[in-house]
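Below: one structure, written as structure tokens.
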Amino acid sequence: MPTEAVPTGPAPGALLLCRAVPGAVAPVARLLREPMRLTRAGDDWSVLVPEGRPWRDGTEPVDRVVTGWATALAVGAPWPVLALWWDADHAGFTLAYGFRRPVGFVWLASGVPAGEDEAMRTFAARVGLDPVLDLQALEQLTKPDAAADAPARLRGLLAVLARVGVSMPPGFAPGVPADRLGEAAAVLPDSLPVEWPGLREAVVERGTVEHSRLGPWLPWAGGPRARALALAQVAAGVPLLAWGLRRHGGGWGWATAGALLLAHGTLGLAYGLTHPRD
Numbered sequence: 052m053p054t055e056a057v058p059t060g061p062a063p064g065a066l067l068l069c070r071a072v073p074g075a076v077a078p079v080a081r082l083l084r085e086p087m088r089l090t091r092a093g094d095d096w097s098v099l100v101p102e103g104r105p106w107r108d109g110t111e112p113v114d115r116v117v118t119g120w121a122t123a124l125a126v127g128a129p130w131p132v133l134a135l136w137w138d139a140d141h142a143g144f145t146l147a148y149g150f151r152r153p154v155g156f157v158w159l160a161s162g163v164p165a166g167e168d169e170a171m172r173t174f175a176a177r178v179g180l181d182p183v184l185d186l187q188a189l190e191q192l193t194k195p196d197a198a199a200d201a202p203a204r205l206r207g208l209l210a211v212l213a214r215v216g217v218s219m220p221p222g223f224a225p226g227v228p229a230d231r232l233g234e235a236a237a238v239l240p241d242s243l244p245v246e247w248p249g250l251r252e253a254v255v256e257r258g259t260v261e262h263s264r265l266g267p268w269l270p271w272a273g274g275p276r277a278r279a280l281a282l283a284q285v286a287a288g289v290p291l292l293a294w295g296l297r298r299h300g301g302g303w304g305w306a307t308a309g310a311l312l313l314a315h316g317t318l319g320l321a322y323g324l325t326h327p328r329d
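Every number in our numbering is 51 more than the matching position in the sequence shown, counting from 1.
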């Protein structure tokens, strides 16, 4: 009888790099409702290590899930989010920044490029890399290299990002299984767990919105534009959530982005109601 092929590449995994300190990342990351570990990845960067239940359960491919997460994190914050992902067949990255269209690149497991060179130029510009020297290093990653597999390509990407302050903690590397990444994160002295605390704890404590915890994510809270901005986020989140839910098997990540927009707008409206301005 024919036997089922066994994947030869690494097990699916992902890392989420945010250009912000952990204190600013934690409040918004909790709303993803995915257990993660959060720690520093340089002076101005943080890294999230997700448990990866959606792709471990086989319900969603890792690239779709982390693209949705990166988009959801970025639309509610003033900093970019870079998702690094890999599985047995390929690896790649997705950069999300505000409401801009995400940009990314993919390599096959052998390291063969399967993306567009223009994506690297856009990526370099959005991250703030040198348009000449750093871009040349990135473009080398888009050319054939028999000695570099897909995880090696991502390690090359991280080497370039070191020029804008990225410094990955020990044990953090593309291709490492999710459980080992979680173990490496757990032993770091400055790492912390990120979990969904429940709506009451996230939004209301003793009848007021927790502005002290959500402040980095809600810098506009209580300002003259707060209500208009919150309503706009709710208006954008509802159709995005509905669209993602209709795409059975292919829209989970986008549904998450819509849900987070909706939650972000709802928090803003709740703050306006509990903190009325004279």
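We put the beta carbon where it would ideally sit given N, CA and C, even for glycine.
For residue i, does the three-state DSSP call read helix, strand or coil?
{"i": "Phe174", "result": "helix"}
{"i": "Leu208", "result": "helix"}
{"i": "Asp329", "result": "At Asp329, the pLDDT of 45 sits below 50, so the modelled position is not reliable and the matter cannot be decided from this model."}
{"i": "Val254", "result": "Since pLDDT at Val254 reaches only 47, below the 50 mark, its modelled position is unreliable, and the value read off the structure follows with that caveat. Helix, per DSSP."}
{"i": "Arg88", "result": "strand"}
{"i": "Pro164", "result": "strand"}
{"i": "Val76", "result": "helix"}
{"i": "Val217", "result": "coil"}
{"i": "Gly309", "result": "helix"}
{"i": "Ala197", "result": "coil"}
{"i": "Pro240", "result": "coil"}
{"i": "Gly60", "result": "coil"}
{"i": "Arg225", "result": "Note that residue 225 is Pro in the sequence shown, not Arg. Correct three-state label for Pro225: coil."}
{"i": "Leu83", "result": "coil"}
{"i": "Ala203", "result": "helix"}
{"i": "Leu180", "result": "coil"}
Have a look at residue i and residue j and give me their C-alpha separation to the nearest angstrom.
{"i": "Glu234", "j": "Pro61", "result": "17 Å"}
{"i": "Val163", "j": "Arg206", "result": "15 Å"}
{"i": "Arg104", "j": "Leu68", "result": "19 Å"}
{"i": "Gly166", "j": "Val157", "result": "5 Å"}
{"i": "Arg88", "j": "Val178", "result": "23 Å"}
{"i": "Leu186", "j": "Phe174", "result": "9 Å"}
{"i": "Ala71", "j": "Gly155", "result": "20 Å"}
{"i": "Phe223", "j": "Arg81", "result": "21 Å"}
{"i": "Leu265", "j": "Asp241", "result": "For Leu265, the predicted structure reports a pLDDT of 46, less than 50, and the residue's modelled location is therefore unreliable. The matter cannot be settled from this model."}
{"i": "Pro221", "j": "Val211", "result": "18 Å"}
{"i": "Ala147", "j": "Leu99", "result": "15 Å"}
{"i": "Ala121", "j": "Val132", "result": "6 Å"}
{"i": "Val76", "j": "Ser97", "result": "8 Å"}
{"i": "Arg214", "j": "Ala92", "result": "13 Å"}
{"i": "Gly143", "j": "Leu313", "result": "28 Å"}
{"i": "Ala85", "j": "Pro101", "result": "Residue 85 is actually Glu in this sequence, not Ala. Cα-Cα distance, rounded: 7 Å."}
{"i": "Pro112", "j": "Leu66", "result": "15 Å"}
{"i": "Ala125", "j": "Thr118", "result": "11 Å"}
{"i": "Thr193", "j": "Arg204", "result": "9 Å"}
{"i": "Arg309", "j": "Ala128", "result": "Residue identity check: residue 309 is Gly in the sequence provided, not Arg. One C-alpha to the other measures close to 14 Å."}
{"i": "Ala139", "j": "Pro244", "result": "27 Å"}
{"i": "Ala134", "j": "Pro63", "result": "13 Å"}
{"i": "Leu209", "j": "Gln191", "result": "13 Å"}
In the DSSP assignment, the alpha helix (DSSP H) including residue i goes from what residue to what residue?
{"i": "Arg231", "result": "Ala229 to Ala237"}
{"i": "Gly149", "result": "Element bounds for Gly149: n/a, residue is neither H nor E."}
Along the chain, where does the beta strand (DSSP E) that runs through residue i open and close?
{"i": "Gly64", "result": "Gly64 to Cys69"}
{"i": "Pro244", "result": "Leu243 to Val245"}
{"i": "Leu2", "result": "Past the boundaries of the shown model lies residue 2; the chain is included only from 52 to 329, so the question cannot be answered."}
{"i": "Val157", "result": "Val154 to Leu159"}
Beta strand (DSSP E) runs wholly inside the stretch 92-147, at least 3 long, in chain order: 97-101, 132-137 and 141-147
Do the stretch 222-229 and the stretch 98-114 make contact, defined as three or more Cβ pairs closer than 8 Å? yes
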